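Here the structure comes first, spelled out in structure tokens, and everything after it is commentary.
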Amino acid sequence: MTAAVPIVTEPDLEAPPESTAAVAKKKLSSPMASVAALIIAVLWTIPTFGLFLSSFRPEAAIKRTGWWTFFTDPQMTLDNYRAVFDDETGVNLGNFFINSLVICIPSVLIPLALASLAAYAFAWINFRGKNFLFLAIFALQIVPLQVTLIPLLTIFVKVDISGTYWALWLAHSTFALPLAIYLLHNFMREIPAGLIEAARVDGAGHVAIFFRVMLPLLTPALAAFGIFQFLWVWNDLLVALVFVGGGDDVAPLTLQLANLTGTRGTAWHLLASGTFVSIIVPVTVFLLLQRYFVRGLLAGSVKG
Amino acid sequence: MFGSVSTTPEKLLQMVAALLLFAAVLGIVLFIASRIRGKGSDRWIGYLYLLPVLLMLSVGLVYPGLRTIYESFFDAHGTGFIGIDNYKFIFTSGELRRVLGNTMIWVVLVPFLATAIGLVYSILVDKSRFESFAKALVFLPMAISMVAAGVIWKFMYEYRVDQPKVQQIGLINQIIVWLGGKPVQLLITDTWGLNTLLLIVVFIWIQAGFAMTVLSAAVKAIPDDIIEAARLDGVNAWTMFVKITLPSVRPTIVVVLTTIAIGTLKVFDVVRTMTGGNFNTSVIANEFYSQLIRADNQGLAAALAVILFVLVTPIVIYNIRSVRQEA
Numbered sequence: 001m002t003a004a005v006p007i008v009t010e011p012d013l014e015a016p017p018e019s020t021a022a023v024a025k026k027k028l029s030s031p032m033a034s035v036a037a038l039i040i041a042v043l044w045t046i047p048t049f050g051l052f053l054s055s056f057r058p059e060a061a062i063k064r065t066g067w068w069t070f071f072t073d074p075q076m077t078l079d080n081y082r083a084v085f086d087d088e089t090g091v092n093l094g095n096f097f098i099n100s101l102v103i104c105i106p107s108v109l110i111p112l113a114l115a116s117l118a119a120y121a122f123a124w125i126n127f128r129g130k131n132f133l134f135l136a137i138f139a140l141q142i143v144p145l146q147v148t149l150i151p152l153l154t155i156f157v158k159v160d161i162s163g164t165y166w167a168l169w170l171a172h173s174t175f176a177l178p179l180a181i182y183l184l185h186n187f188m189r190e191i192p193a194g195l196i197e198a199a200r201v202d203g204a205g206h207v208a209i210f211f212r213v214m215l216p217l218l219t220p221a222l223a224a225f226g227i228f229q230f231l232w233v234w235n236d237l238l239v240a241l242v243f244v245g246g247g248d249d250v251a252p253l254t255l256q257l258a259n260l261t262g263t264r265g266t267a268w269h270l271l272a273s274g275t276f277v278s279i280i281v282p283v284t285v286f287l288l289l290q291r292y293f294v295r296g297l298l299a300g301s302v303k304g
Numbered sequence: 001m002f003g004s005v006s007t008t009p010e011k012l013l014q015m016v017a018a019l020l021l022f023a024a025v026l027g028i029v030l031f032i033a034s035r036i037r038g039k040g041s042d043r044w045i046g047y048l049y050l051l052p053v054l055l056m057l058s059v060g061l062v063y064p065g066l067r068t069i070y071e072s073f074f075d076a077h078g079t080g081f082i083g084i085d086n087y088k089f090i091f092t093s094g095e096l097r098r099v100l101g102n103t104m105i106w107v108v109l110v111p112f113l114a115t116a117i118g119l120v121y122s123i124l125v126d127k128s129r130f131e132s133f134a135k136a137l138v139f140l141p142m143a144i145s146m147v148a149a150g151v152i153w154k155f156m157y158e159y160r161v162d163q164p165k166v167q168q169i170g171l172i173n174q175i176i177v178w179l180g181g182k183p184v185q186l187l188i189t190d191t192w193g194l195n196t197l198l199l200i201v202v203f204i205w206i207q208a209g210f211a212m213t214v215l216s217a218a219v220k221a222i223p224d225d226i227i228e229a230a231r232l233d234g235v236n237a238w239t240m241f242v243k244i245t246l247p248s249v250r251p252t253i254v255v256v257l258t259t260i261a262i263g264t265l266k267v268f269d270v271v272r273t274m275t276g277g278n279f280n281t282s283v284i285a286n287e288f289y290s291q292l293i294r295a296d297n298q299g300l301a302a303a304l305a306v307i308l309f310v311l312v313t314p315i316v317i318y319n320i321r322s323v324r325q326e327a
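Quick note, the sequences are listed as chains D and R, same order. By the UniProt record's numbering, the letter at position 205 of the first sequence is numbered 205, and the numbering carries on one by one without gaps. By the UniProt record's numbering, the letter at position 126 of the second sequence is numbered 126, and the numbering carries on one by one without gaps.
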């Protein structure tokens, strides 16, 4: 599922203070460079901007004229957003929004809790077979999701949880474990052994140490992985498609949006607003928690 | 509790029930762990902490993985053993060879182009006044779902019949019209693999932000005095890029290339959302889904998954080794 962790250095998006070299560079750098950067930035923004603008245009206008005509003939409405939450259009995104949340919360909390326990065992407890087991779990990161889906579906059908939240919770939690254990283990190893030993001398057992010493120190790592996992599950399509299929009571937002492109591929007023409803959560998380978010995303970039 | 739910309170209730059940299991594990005392107790606590994880991984990853390999030697319904026929079929049928070929085009183009764009952009905006904003713009596609990205680009590629009084609503076709051309059914036209290339554009659009972020960190890590010295020698921007920047970030480039290549091999959402794999645009991961759900051919789907696994493995190993060397 997941492979290596290309966190090289500080992957923050913020610019550091200017150095003398930067000043020198600024004087030397040509206007060509700025133009090139601007072109890329515009190319990367236009597609999203076009659909975003369209989501506020009246249905008739979207279907008849391009979104760029907005600037000569500005018309705005919130009808498209009303429509995707409406029962009448059959889109009913509010329902799927809840589904996505219900899928995500346990799919984040369960693997986080289990992986921190396991990572603690690997980092600070001695037992036979430890290295072998750790290597085996590490190696499991290479397994692509697709390889596991057919037999898992068979199992879920057999125990009669196919098409329910349970199937998604179990699947997402399991798929998250190898990466989560690996990352949290690396983080825990960096905590000074003296802290653990001091706690042991005070008579604390492994349960107490885990809760009182480890957990508070672990917060940044848990946040980074938690956010990554949340968005991974929120944005997932494949797992939901295979285990839930069409079930409206369980299907996440992505699945409904994907279905819409198939069944109502020309209903651009619904697709436009629907898309922005589905990305509001990731975008908010991105804007508010940029630092954790980028770290988490980079760490798990090859998951799946 | 395990039954189906349809109203919001029911859903939330089931979620809370699941979390409580999970907390109870965790509580039992921790309770037992806190009771284990005496000599050699550490070992047992270790195993106990790993127990839930090992159970889940064996049932949810190891067994299914092995089972899929086994099933790839069986027919559509998993009942009759047919040897390597599924694999033979994949490598001989015209349609599936096209799928393999498409996957190769993806895996050659996406990593290199996304990495090149990410690198150039990160250098261009490095230490500029708008750096963080400029980077956020390119990074954002990475944050949203690939389904959403697919819809956004489908709108770009939208086609309207070429008739008087009918205006194009997709920007690409409008640009073609502005330039004096005729609108094209972009996602249906597979001459020269046009539609596949257009899907590839979408994935590059998604992945460039990843390349940019990782490479930007590497570019910033190049010591200032090296750059300063080169500047004093009067080195121009291009020589600086080729002689200093590129060699300095080479290990990171390898990591980025392989990481994106792994993601590209598994690309599914983009293809499924934009063309459903029709019009000769299917790739392995999409074909896996089509064979499993639509064609109901379990054996063939399993064989495709195994091929994906085999293709991904060497890249992952290389990727891990590169990351290690770099660290």
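Note that CB positions come from ideal geometry on N, CA and C, so glycine has one too. What you are looking at is a predicted structure, and each value in this text was computed from that prediction instead of being measured.
Per DSSP, cross-strand counterpart(s) of residue i
i      : result
R/F210 : For R/F210, which the question treats as bridged, DSSP gives no partner whatsoever.
R/F81  : R/F74
Whole-angstrom C-beta distance between residue j and residue i, which should lie under 8 angstroms
i      : j      : result
R/T68  : D/P151 : 6 angstroms
D/T261 : R/K154 : 7 angstroms
R/A261 : R/P111 : 5 angstroms
R/G60  : D/T77  : R/G60 to D/T77, Cβ: 47 angstroms. No contact.
R/A209 : R/V138 : Correcting the residue identity first, residue 209 of chain R is Gly in this sequence and not Ala. Yes, they are in contact, since the Cβ atoms of R/G209 and R/V138 sit about 5 angstroms apart, within 8 angstroms.
R/Q14  : R/V5   : 5 angstroms
D/F127 : R/D42  : 7 angstroms
R/Q167 : D/T65  : 5 angstroms
R/G299 : R/I82  : 7 angstroms
R/I84  : R/F74  : Not a contact, Cβ separation roughly 11 angstroms.
D/G163 : D/G245 : 7 angstroms
D/T196 : D/I181 : A quick correction: the sequence has Ile, not Thr, at residue 196 of chain D. No, D/I196 and D/I181 are not in contact; Cβ-Cβ is about 19 angstroms, not under 8 angstroms.
D/K63  : R/I169 : 7 angstroms
### Task
Return the chain-ordered ranges of every alpha helix (DSSP H) run that is complete within the stretch 130-209 of chain D and spans a minimum of 4 residues.
Within the stretch 130-209 of chain D, the complete alpha helix (DSSP H) runs of at least 4 residues are 130-139, 145-158, 165-189 and 193-201.
### Task
Determine, using beta-carbon pairs with one atom in the stretch 165-180 of chain D and one in the stretch 237-257 of chain D, whether at least three such pairs fall under 8 angstroms.
Contact annotation: the stretch 165-180 of chain D touches the stretch 237-257 of chain D, with at least three C-beta pairs closer than 8 angstroms.
### Task
Starting from the N-terminal side, write out each stretch of the alpha helix (DSSP H) that is 4 residues or longer and does not extend beyond the stretch 29-97 of chain D.
Along the stretch 29-97 of chain D, the alpha helix (DSSP H) occurs as fully enclosed runs of 4 or more residues at 31-54, 59-64 and 79-84, listed in sequence order.
### Task
Would you check if the stretch 266-281 of chain R and the stretch 174-188 of chain R touch, i.e. whether three or more CB-CB distances between them fall below 8 angstroms?
The stretch 174-188 of chain R makes contact with the stretch 266-281 of chain R; the number of CB pairs closer than 8 angstroms reaches 3 or more.
### Query
Do the stretch 144-159 of chain R and the stretch 303-319 of chain R make contact, defined as three or more Cβ pairs closer than 8 angstroms?
The stretch 144-159 of chain R, when compared against the stretch 303-319 of chain R, does not touch it at the 8 angstroms Cβ threshold.
### Query
What are the residues of the stretch 54-82 of chain D that lie near chain R, defined by any Cβ-Cβ distance shorter than 9 angstroms?
So the list reads S54, I62, K63, R64, T65, G66, W67, W68 and T69, given in the order they occur along the chain.
### Query
According to a CB-to-CB cut-off of less than 9 angstroms, which residues of the stretch 266-287 of chain R neighbour chain D?
Here the close residues are K266, F268, D269, R272, T273, M274, G276, I284 and A285.
### Message
At a CB distance below 8 angstroms, what residues from the stretch 230-251 of chain R approach chain D? Give them in sequence order.
### Response
Taking 8 angstroms as the Cβ-Cβ cut-off, the stretch 230-251 of chain R approaches chain D at R231 and A237, given in chain order.
### Query
For the stretch 254-298 of chain R, which segments carrying the alpha helix (DSSP H) assignment without a break, of at least 4 residues, lie completely within its bounds, in sequence order?
DSSP runs (the alpha helix (DSSP H)) wholly in the stretch 254-298 of chain R: 269-274 and 284-289.
### Task
Mind checking the stretch 182-205 of chain D against chain R and listing, in chain order, the residues whose C-beta falls within less than 7 angstroms of any C-beta there?
Along the stretch 182-205 of chain D, going in chain order, the ones with a CB nearer than 7 angstroms to a CB of chain R are G205.
### Task
Decide if the stretch 106-126 of chain D is in contact with the stretch 10-25 of chain R; the criterion is three or more beta carbon pairs, one per stretch, under 8 angstroms apart.
Flag = yes, the stretch 106-126 of chain D and the stretch 10-25 of chain R touch.
### Query
Is the stretch 280-297 of chain D in contact with the stretch 219-231 of chain D, if contact means three or more CB pairs nearer than 8 angstroms?
Taking 8 angstroms as the limit for Cβ pairs, the verdict is that the stretch 219-231 of chain D does touch the stretch 280-297 of chain D.
### Query
Is the stretch 277-285 of chain R in contact with the stretch 189-209 of chain R, if contact means three or more CB pairs nearer than 8 angstroms?
Verdict: yes, contact present.
### Task
Give, in chain order, every residue of the stretch 33-67 of chain R whose Cβ lies closer than 7 angstroms to some Cβ of chain D.
Contacts with chain D (Cβ-Cβ distance below 7 angstroms) from the stretch 33-67 of chain R involve A33, S34, D42, R43, I45, G46, Y47, Y49, L50, P52, V53, M56, L57, G60, L61, Y63, P64, G65 and R67, listed in chain order.
### Query
Hey, is the stretch 252-271 of chain D in contact with the stretch 288-296 of chain R, meaning 3+ C-beta pairs nearer than 8 angstroms?
Touching, no, given that fewer than three Cβ pairs across the two stretches are closer than 8 angstroms.
### Message
Any contact between the stretch 263-270 of chain R and the stretch 118-133 of chain R? By contact I mean 3 or more CB pairs, one from each, below 8 angstroms.
### Response
No, the stretch 263-270 of chain R is not in contact with the stretch 118-133 of chain R.
### Query
Can we say the stretch 130-143 of chain D touches the stretch 191-205 of chain D, given the rule of at least three CB pairs closer than 8 angstroms?
No contact exists between the stretch 130-143 of chain D and the stretch 191-205 of chain D.
### Message
For the structure I just gave you, are there three or more beta carbon pairs, one from the stretch 224-239 of chain R and one from the stretch 95-105 of chain R, closer than 8 angstroms?
### Response
Using a C-beta cut-off of 8 angstroms, the stretch 224-239 of chain R makes no contact with the stretch 95-105 of chain R, since fewer than three inter-stretch Cβ pairs fall below that distance.
### Query
Taking contact to mean at least 3 C-beta pairs separated by less than 8 angstroms, is the stretch 241-256 of chain R in contact with the stretch 208-225 of chain R?
The stretch 241-256 of chain R is in contact with the stretch 208-225 of chain R.
#### Entry: Cβ-based contacts, 9 angstroms cut-off: residues of the stretch 114-126 of chain R near chain D
Listed by position, the residues of the stretch 114-126 of chain R near chain D (Cβ gap below 9 angstroms) are I117, V120, Y121, I123, L124, V125 and D126.
### Task
Please determine if the stretch 45-62 of chain D and the stretch 267-276 of chain D are in contact, where contact requires at least 3 C-beta pairs separated by less than 8 angstroms.
Enough Cβ pairs lie closer than 8 angstroms, so yes.
### Message
Closer than 8 angstroms between beta carbons: that is the criterion. Which residues of the stretch 141-161 of chain R meet it against chain D?
### Response
Flagged, chain order: P141, M142, A143, I144, S145, M146, V147, A148, G150, V151, I152, W153, K154, F155, M156 and E158.
### Message
Can you pull out the residues from the stretch 222-249 of chain D whose beta carbon lies closer than 9 angstroms to at least one beta carbon of chain R?
### Response
Per Cβ criterion, the list reads L231, W234, N235, D236, L237, L238, L241, V242, G245, G247, D248 and D249.
### Task
For the stretch 294-318 of chain R, enumerate the residues whose C-beta is nearer than 8 angstroms to any C-beta of chain D, in chain order.
Result list: Q298, A301, A302, L304, A305, V306, L308, F309, V312, T313, V316 and I317.
### Query
Should the stretch 181-189 of chain D be called in touch with the stretch 213-221 of chain D, which here means at least 3 C-beta pairs below 8 angstroms?
A contact exists between the stretch 181-189 of chain D and the stretch 213-221 of chain D.
### Message
Any C-beta of chain R within less than 7 angstroms: which residues of the stretch 279-294 of chain D qualify?
### Response
If the cut-off is 7 angstroms between Cβ atoms, the stretch 279-294 of chain D has I279, P282, V283, F286 and V294 near chain R.
### Positions along the stretch 160-193 of chain R whose CB lies within less than 8 angstroms of some CB in chain D
Sequence-ordered contacts of the stretch 160-193 of chain R with chain D read Q167, Q168, I169, G170, L171 and Q174 [C-beta pairs closer than 8 angstroms].
### Task
Mind checking the stretch 7-34 of chain R against chain D and listing, in chain order, the residues whose C-beta falls within less than 8 angstroms of any C-beta there?
Cβ contacts with chain D come from T8, K11, L12, Q14, M15, A18, L19, F22, L26, V29, L30, A33 and S34.
### Query
Going along the stretch 261-281 of chain D in order, which residues come within less than 9 angstroms of chain R, judged by CB to CB distance?
Listed in sequence order: T261, G262, G265, T266, W268, L271, A272, G274, T275, F276, S278 and I279.
### Members of the stretch 142-161 of chain D near chain R, C-beta cut-off 7 angstroms
Only I142, V143, P144, Q146, V147, T148, I150, P151, L152 and I161 from the stretch 142-161 of chain D bring a Cβ to less than 7 angstroms from some Cβ of chain R.
### Message
I'd like the ranges of any alpha helix (DSSP H) spanning at least 4 consecutive residues and lying wholly in the stretch 250-303 of chain D.
### Response
Whole alpha helix (DSSP H) segments, 4+ residues: 253-263, 268-288 and 290-299.
### Task
Could you pull out every unbroken alpha helix (DSSP H) segment of at least 4 residues lying fully inside the stretch 107-154 of chain R, listed in chain order?
Complete alpha helix (DSSP H) runs here, min 4: 131-143.
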